[in-house]
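First residue of the sequence shown? That's 2 in my numbering, and the numbers climb one at a time after it. For each residue, glycine too, the CB sits at the ideal point set by N, CA and C. Keep in mind the model is a prediction, meaning the values are calculated, not measured.
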Amino acid sequence: MKRILSGIKPSGDMNIGGYGGALHQFVKLQHDYECFFFVPDLHAVTVQQDPKELHQRSRDIAAFYVAAGVDPKKATIFLQSQVPAHAELGWLMETQAHFGELSRMTQFKEKSDGKDIVSSALFTYPVLMAADILVYQATHVPVGEDQKQHLELTRDLAMRFNSRFGTTFVIPEPIIQDTGSRIMGLDDPSKKMSKSNPIRNSYVLLLDSPDDIRKKFARAVTDSEMNVRYDWDQKPAVSNLIEIYSVFSGDPLPTIEKRYEGQGYGAFKKDLAEIVVEKLIPIQDHYKQLVHSEELNRILKEGAARAAEIADHTLLSAKRAMGFVTFEG
Ligand code: ATP
Ligand code: LTN
């Protein structure tokens, strides 16, 4: 059986980077895998969060899953903090992780760089991520390129645990798609489009108005040439826009290059904005219906109950394997 686990942190307003790298994939993969899509709220609090914002954003992410097309009858959708086995297995896996290997995590280095105060949870966060995945015995994990290193750590920890205590965990594989796995900022193609970036023009939010979306693409940096050509070395800004176009239209990269041959950037950027607007408007409408609804509460409650059944079972096996006294089962 092929099983997927993945999630998007409620650490900021959702943008088209997370859509391209993660959510858009979730919608496609739900037909071929048993899927668990969660909201990693325990991960969001590794950096300071305003409680009201955390609350709202956690509902937002769950509502976006459904609004973008994840079917709660097919996939299990839930909040991480409502399934305690994540945190408990996280602790057990911390006993297997090495200080040195966690010190090498690039996301930790980037997020802690220049900060006076860094929580110890930010440092151990990749271990909790490993627990998230292993507790469901996930075979596959769809993520953006930036999470590849965390997936390698997850595999290392699972193999280490299995060889010390006997086979307990499935070793998961990442799924990193060719197009859209690394969407860069619209203002600077050398930086990942990120929810935590204070520069508003660097990203398009899933809830941006059509006018804001048009303005942001119109202002997006390009280069001094005039041709729409996909070439990350020579033309990173334009290549990034072509990837976004491809994610939102479903058209392959060469088809897009061909369509705009000899036309300059104006028409290309205008069409790109319209394609994104057209895709986002129905998602926004569905999101608005859902976000404060009883239906969303029901989806999340049922999801947590279904998730906990599997997670509790794996946790029990891991505790037994390590020698803890257990009375269940
Ligand atoms: P933050 O910037 O606060 O760290 P984030 O956007 O990097 O947040 P998440 O929202 O948890 O982190 O990311 C959810 C998923 O979306 C992950 O699989 C991540 O790899 C992917 N993702 C996030 N940003 C991008 C991006 N710019 N391009 C492609 N994939 C992305
Ligand atoms: N670390 C990820 C979010 C995340 C995740 C996971 C993704 C936490 N647990 C498990 C996939 C599977 C991030 O920062 N984007």
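- Between the alpha carbons of Pro255 and Tyr231 lies a distance of about 8 Å.
- Taking one beta carbon from each stretch, the stretch 190-197 and the stretch 153-172 have fewer than 3 pairs nearer than 8 Å; the two do not touch.
- The beta carbon of Pro175 sits closer than 8 Å to those of His141, Val142, Pro143, Val144, Gln148, Lys149 and Leu152, all from its chain and outside the five residues before and after it, given in chain order.
- Taking each of Lys216, Arg299, Met2 and Phe109 in turn and checking the Cα distance to Pro73, the smallest one comes out for Arg299.
- Secondary structure in the stretch 147-233: the alpha helix (DSSP H) runs of 4 residues or longer, each lying completely within the stretch, are 149-166 and 211-220 in chain order.
- The beta carbons of Gly13 and Ser210 sit no closer together than 7 Å.
- The distance from the Cβ of Leu317 to that of Leu90 is about 10 Å, inconsistent with a contact at the 8 Å cut-off.
- At a cut-off of 6 Å, the beta-carbon of Ser12 counts as near ligand 1: some heavy atom of the ligand is closer than that.
- Only exposed fits Ala268, as fewer than 16 other CB atoms lie within 10 angstroms of its CB.
- The set of residues with a C-beta under 6 Å from any non-hydrogen atom of ligand 2 comprises Leu6, Ser7, Gly8, Lys10, Pro41, His44, Met130, Asp133, Ile134, Val142, Val144, Gln148 and His151, given in chain order.
- The alpha-carbon separation between Glu102 and Leu6 amounts to approximately 23 Å.
- With contacts defined by Cβ atoms closer than 7 Å, Gly186 and Ser203 form a contacting pair.
- Taking 7 Å as the cut-off, the Cβ atoms of Val248 and Gly21 count as close.
- Rounded to the nearest whole angstrom, the CA to CA distance from Pro173 to Tyr126 is 18 Å.
- As DSSP reads the structure, Glu35 sits in a beta bridge with Arg4.
- The Cβ atoms of Val71 and Ala312 do not sit closer than 7 Å to each other.
- In the displayed model, His56 falls within a helix according to three-state DSSP.
- DSSP places Val239 in no beta strand (DSSP E) but in the uninterrupted alpha helix (DSSP H) bounded by Pro237 to Ser250.
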